[in-house]
Every structure is written in structure tokens, then in C-alpha cells.
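In order, the protein sequences belong to chains A and B. The first sequence lines up with residues 1 to 218 when you count with the numbering used here. The second sequence lines up with residues 1001 to 1210 when you count with the numbering used here. All residues carry an ideal CB built from backbone N, CA and C; glycine is no exception. None of the values given here were measured: they were computed from a predicted structure.
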Amino acid sequence: MSASLHLDLLNDDERFSSSPIRLRVMVPLMGFLLVIGTLFGWSFLAFQAHALSTQKTTVETDITGLKSAHAEILRLRQQEKEMAASLKQLAFYRSSQLKFGASLARLPEVVPANVQFTEMRVPTPPPFMPDPKTPNLGPTNTFESVSLRLAGKAGGDRPTDAVNGLLKALDNNPAFSNLIHHAEIPKGAFRQDTARGAVNRDTLLFEINCTCQPRRFQ
Amino acid sequence: MSVDVSFFQNLKAPTKLALLIAAGCVAVCVAVLVLAVLPTRTQVYTLRTEVAGLNATLANMKTDIAGTEKQRAKTDALTKERDTLLATGEIEPLLGSLAMRGKALLDPVAQQTGFAIENVKELPLLPLQVPAPAPEQLYGRQPIEFTGKGSFAQIVAFIAAVEEQQPLATLSGLLVLSQPQTPEIHKAIVTFEWPAKGEKQKTPAAKPAP
């Protein structure tokens, strides 16, 4: 009778797994691969940063090269804005212009023979009071009233009719419609000429206030 | 706090070495990630944004520059329009005096119409309404007062002729007074105004390219 003898002559540290992948080799290998991968990733990013930095320098150089040409167009645009704004401000002035000459030239046609003017007045515009908060803003109202005041005396047989006729003509005659909006005799402005003595008691002093077309600065 | 290292001590020497190397690699990776990768990635993002911005600026500049001639024509047309308008009636000082300029302008008209100018006076400038956006060079209304004598027909002819010959002159004041001594000749104070240069505002300069 025979018995098999099994001799195990391996030390513990000489035992290997049957698997061809050894953990003690693979773990450091994976570690190294991870390091290499990280370094590769970093180098890729560094390359990208370098490329972008070069591109940035190139674009900046291009921009510097175009600066003078661009400054010229900016100057032209600024000048255009300035011109447009100046024209707009001058247009305010032009639109406010009121012509007196033609209407005043037609005035003798409607003045009765027994009416004589002693004074004709168009008051000058009042001085501008700037708003201390916005001194550079200029006037904010776009409207300026204009008036024409006629003072005179009327004699003859029917001085009242003569003055009323004149008033009516100023108010309604198309010759004055471009200038005069409305004409009226202020209260108390139609009175007897007491200063001239008893002989001329029939002479009447009068005033006619004409509201002219306003000057519109817009 | 204590760390149980008995598990590690029981491992075989090669395994221990392998784990230590792996741990070292992970530490190196973390260090590279924190010290190099993340800052570089931030730098890349920043650069990418900057380059995109610069490229947009460059493209805008190129587009702007391509339109230079068109812009020049537009600007020149407006400049010409303004200069033509001002040439028709902006009042400028003559030898430092606006009154002298006014007299020089209207003396021929007065002679032509028979109105005798005796005195000329410059009144304070009245500001004009300011549009938005405001121009750098502001304009105002410059009144000039002419005192003289003439018949009513001469005074009116003078006013009408000035309005015709000076397109930007506007009558802004008038006083005709009858003279008892000379019933046909009246004293007249005629005030005309013209547009004139006013203050120059300081405005921010055109935005330069970055």
C-alpha cells in the first residue's frame, strides 16, 4: 500500500496569485498613470494658455495699429453730433423768428386820417434768470410772448369810431394775421385828452395792446 | 484621535511599498491639480474671455473704420449746412465789439432806407434753449439796439429791409416815439437780435478704443 506525500516547500512570501494582474504592481502603476495623466492635462492647459496669450498679444497689436484710424472716425462722429446739436439749437432760433416789416408797412392803410400815433412799442424780452441748480441748461420754456403796444390820439367828429375801426382792422385784417393774434383796448386806456385844454376836449387818447404770435423756440 | 495602523503593519512589504507609492502618486496629483491645473484653467478662462472681448473690439473697429468715408461725407454735409446757416446771419464781433458789427451790417440798410442811425448799443446775450444732447458750442440771442430818427415809413422800411437782407435777424424790441417839434420825424429805438456764439461747454471726449 502506498501513500502520497505532499511537500509544501514555498514560503508565504513566495506564494503568487494565479491571476496575471498583480495588485502590488498595478496600484503603483495606476498611481504613475494618474500622475502622468494629470501632468498631461496640465501641459494641455498650459499650451492653451500660451496660445491664447499669443493670440491676445496679436489682437492687441492689431488694435493698436488701428487706433489712429479709429480715433479719426470717433472724431468724425463726435463732430457730427456737435453739428447736429448746433443745428438743432439754431433751428430753435429760426423757428422763433417773427417778421414785423411787412405788417408794419401795411399799418398806415388801416389808420384813419383822424388818428395819430404817439408811441409804438414792442417790449424787449426780459433778461434770462438762470436756475442756480442747472445754470448751463438755458431757458426751459419754449414759448416767448410778444406784444405790440400802440398809443395815440384821435380827434375829429367821431374819434371813438375811428379807434374802434383801427382796433377791428388790427384784429381781423389778413394783412396783420401773420403778426397780430389779438388786439384790445385795455380798461381805462381810452380817455379824454384833458391836458390839451378846453379847445381840444374832443380829442381822445387811446392805447391798443396787440398780442402777437408767440415766438416758439422748438 | 488614533489611527489604527495594524492593518497596514500586517501587510507584506511589497504591498506596503505599492500602497505607499500609490499614495505618493495621489498626493502628487492633488498637488499638481491644486497648484498648477486649477490656476492654469482659470487663466485659460480669463484669457479666453479677454481674447473674445478684444476680437469683438477689433471687429467693431474694423467695421467702424470701413465706414469712415461714409461718416466723413455725413459729417462734412452737416458741417457745411451749419456753416452755411451761420454765414447767413451769425453775428461775430468786429474789432472786439458786437455793436460795431451790428452798425457795419445795418448802416448800408439804414442809408438805403433813409433811417438815420445815431447810436448803437450791445445788450446782454440771451441764452437759447439747449437741445438734448447739448452741443459743446452753445449759441445765444444777441440783441443790438439801434437808436435813430426817421419817418414812420423810413423806420418800417428799415425794419423790412433788415428782415429781408439779414435772414437770421429778428426784431426783438421797438420803440417809436413821436417828436412834438418834428411831427414827421420820429425817434426810434429798434432792437434786432442775431444768433451768436455763447459759452463753450466742456463735454466728455469721444470714448477711445480700449
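message: Does B/Gln1181 pass the burial test, meaning 16 or more other C-beta atoms within 10 Å, or should it be called exposed?
response: Working through the second sequence from its first residue, we reach residue 1181 of chain B at position 181. Exposed.
Residue range of the unbroken alpha helix (DSSP H) whose run includes B/Val1034: Indexing the second sequence from 1 puts residue 1034 of chain B at position 34. No alpha helix (DSSP H) holds B/Val1034; DSSP gives it neither H nor E.
message: Using the three-state DSSP reduction, which class does A/Gln48 fall into: helix, strand or coil?
response: By 1-based counting over the first sequence, the position of residue 48 of chain A is 48. If DSSP states are grouped into helix, strand and coil, A/Gln48 belongs with the helices.
message: Taking contact to mean 3 or more Cβ pairs, one atom from each stretch, closer than 8 Å, check whether the segment 78-85 of chain A and the segment 1125-1143 of chain B are in contact.
response: yes
query: For B/Met1061, which residues in chain A fall below 7 Å Cβ to Cβ?
result: By one-based count along the second sequence, residue 1061 of chain B stands at place 61. Those are Ile63, Leu66 and His70, listed as they occur along chain A.
- prompt: Looking at the unbroken beta strand (DSSP E) that takes in B/Gly1148, where does it start and where does it end?
  reply: As a first step, residue 1148 of chain B must be located in the second sequence, where it is residue number 148. Looking at the DSSP string, the run of the beta strand (DSSP E) that includes B/Gly1148 is Gln1137 to Gly1150.
field: Residues bridged to B/Trp1194 (per DSSP)
entry: On the second sequence, residue 1194 of chain B is found 194 positions in, with the first residue counted as 1. Answer is B/Gln1142.
Residue from B/Ala1153, B/Leu1038, B/Gln1166 and B/Leu1054 whose Cα sits closest to the Cα of B/Asp1107: As a first step, residue 1107 of chain B must be located in the second sequence, where it is residue number 107. Checked all of B/Ala1153, B/Leu1038, B/Gln1166 and B/Leu1054; the closest Cα to B/Asp1107 is B/Gln1166.
For B/Met1061: DSSP bridge partner residues: The residue you call residue 1061 of chain B lines up with position 61 of the second sequence. Bridge partners of B/Met1061: none, in fact.
- request: Return the bridge partner residues of B/Ser1097 from the DSSP annotation.
  value: Within the second sequence, numbered from 1, the residue matching residue 1097 of chain B stands at position 97. Bridge partners of B/Ser1097: B/Leu1094.
query: Where A/Ser103 and A/Phe176 are concerned, what is the direct C-alpha to C-alpha distance, given to the nearest angstrom?
result: Taking the first residue of the first sequence as 1, we reach residue 103 of chain A at position 103. Taking the first residue of the first sequence as 1, we reach residue 176 of chain A at position 176. For A/Ser103 and A/Phe176, the distance between alpha carbons rounds to 5 Å.
- request: Would you identify the three-state DSSP class for A/Arg191, choosing helix, strand or coil?
  value: For the purposes of this step, residue 191 of chain A is taken as the residue at position 191 of the first sequence. In the structure shown, A/Arg191 sits in a strand (DSSP, three-state: E or B).
message: Once the 5 residues before and after A/Pro112 are set aside, which same chain residues still bring their CB inside 7 Å of it?
response: The count along the first sequence starts at 1 and reaches residue 112 of chain A at position 112. Correct list, in chain order: Ala162, Gly165 and Leu166.
query: Looking at C-alpha atoms only, which residue of A/Ile208, A/Asp193 and A/Asn173 is the closest neighbour of A/Pro186?
result: Reading the first sequence from its first residue, position 186 is the one you call residue 186 of chain A. Comparing Cα positions, the closest option is A/Ile208.
- request: Could you tell me the boundaries of the beta strand (DSSP E) in which B/Val1176 lies?
  value: The residue labelled residue 1176 of chain B in the question sits at position 176 within the second sequence. Taken as a continuous stretch (DSSP letters only), the beta strand (DSSP E) holding B/Val1176 covers Thr1170 to Ser1178.
message: Does the structure place the segment 143-154 of chain A close enough to the segment 57-66 of chain A that three or more beta carbon pairs sit under 8 Å?
response: no
query: Using a Cβ-Cβ distance under 8 Å, would A/Met129 count as near chain B?
result: Numbered from its first residue, the first sequence carries residue 129 of chain A at position 129. It does not: the Cβ of A/Met129 has no partner Cβ on chain B nearer than 8 Å.
field: A/Leu204 - containing beta strand (DSSP E), residue span
entry: What you label residue 204 of chain A is simply residue 204 of the first sequence in a count that begins at 1. Run containing A/Leu204: Leu204 to Cys212, per the beta strand (DSSP E) assignment.
- prompt: Is any beta-carbon of chain A found at less than 8 Å from that of B/Asn1010?
  reply: Looking up residue 1010 of chain B in the second sequence gives position 10. So, not an interface residue.
- prompt: Using a C-beta cutoff of 8 Å, does A/Ser177 count as contacting chain B?
  reply: Locating residue 177 of chain A in the first sequence gives position 177, where the first residue counts as 1. So no, A/Ser177 is outside the interface.
message: Between which two residues does the alpha helix (DSSP H) holding A/Gly101 run?
response: Position 101 of the first sequence, counted from the start, is the residue given in the question as residue 101 of chain A. Residues Gly101 to Val110.
query: Would you call the segment 1118-1132 of chain B and the segment 1151-1167 of chain B touching, i.e. three or more CB-CB distances under 8 Å?
result: no
field: Length of the line joining the Cα atoms of B/Glu1050 and A/Ser68
entry: Here residue 1050 of chain B refers to the residue found at position 50 when the second sequence is read from its first residue. Here residue 68 of chain A refers to the residue found at position 68 when the first sequence is read from its first residue. Near 22 Å, if we compare the C-alpha coordinates of A/Ser68 and B/Glu1050.
Nearest candidate by alpha-carbon position, reference A/Leu137, set B/Glu1199, B/Glu1164, B/Glu1122 and B/Pro1183: Indexing the first sequence from 1 puts residue 137 of chain A at position 137. When each option's Cα is compared against that of A/Leu137, the closest is B/Glu1199.
Secondary structure of B/Pro1127, DSSP reduced to three states: Here the question's residue 1127 of chain B lines up with position 127 in the second sequence. Three-state DSSP puts B/Pro1127 in a strand.
- request: Kindly indicate the opening and closing residues of the alpha helix (DSSP H) around A/Gly165.
  value: In the first sequence, the residue the question calls residue 165 of chain A occupies position 165. Note, A/Gly165: alpha helix (DSSP H), Pro159 to Asn172.
- prompt: Is any beta-carbon of chain B found at less than 8 Å from that of A/Ile73?
  reply: Residue 73 of chain A sits at position 73 when you count from the first residue of the first sequence. Yes, A/Ile73 counts as interfacial toward chain B.
- prompt: Touch check for the segment 1107-1127 of chain B and the segment 1057-1075 of chain B: three-plus C-beta pairs under 8 Å?
  reply: no
message: With the cut-off set at 8 Å, would you say A/Gln55 and B/Val1044 are in Cβ contact?
response: Here residue 55 of chain A refers to the residue found at position 55 of the first sequence. Here residue 1044 of chain B refers to the residue found at position 44 of the second sequence. In this structure, B/Val1044 does not lie closer than 8 Å to A/Gln55 by Cβ.
query: Does the beta-carbon of A/Val115 have 16 or more other beta-carbons within 10 angstroms, so that it is buried, or is it exposed?
result: Here residue 115 of chain A corresponds to residue number 115 of the first sequence, with the count starting at 1. By the neighbour-count rule (16 or more Cβ atoms within 10 Å), A/Val115 is buried.
message: Under 8 Å, Cβ to Cβ, is there at least one residue of chain B near A/Ala113?
response: Within the first sequence, residue 113 of chain A is the residue found at index 113, counting from 1. So no, A/Ala113 is outside the interface.
message: Between B/Leu1168, B/Gln1179, B/Glu1081 and B/Val1176, which has its C-alpha nearest B/Thr1088's C-alpha?
response: Walking along the second sequence from the start, residue 1088 of chain B turns up at place 88. Closest option to B/Thr1088, Cα to Cα, is B/Leu1168.
message: Only counting the same chain, and skipping five residues up and downstream in sequence, which positions put a Cβ closer than 8 Å to that of A/Ser95?
response: Position 95 of the first sequence holds residue 95 of chain A. Counting only Cβ-Cβ distances below 8 Å, and skipping sequence neighbours, we find Arg216, Phe217 and Gln218.
- prompt: Grouping DSSP H, G and I as helix and E and B as strand, with all else coil, what is B/Lys1207?
  reply: Looking up residue 1207 of chain B in the second sequence gives position 207. Any reading at B/Lys1207 must be qualified, since the residue scores a pLDDT of 45, below 50, and its modelled position is unreliable; the value itself is stated next. The answer is coil: DSSP assigns B/Lys1207 none of H, G, I, E or B.
message: Counting only Cβ pairs nearer than 7 Å, list the residues of chain A close to B/Lys1074.
response: Indexing the second sequence from 1 puts residue 1074 of chain B at position 74. Within chain A, the residues near B/Lys1074 are Glu80.
field: CA nearest to the CA of B/Ile1159, picked from A/Lys133, A/Leu170, A/Val122 and A/Phe100
entry: Within the second sequence, residue 1159 of chain B is the residue found at index 159, counting from 1. Out of A/Lys133, A/Leu170, A/Val122 and A/Phe100, A/Phe100 has the C-alpha closest to the C-alpha of B/Ile1159.
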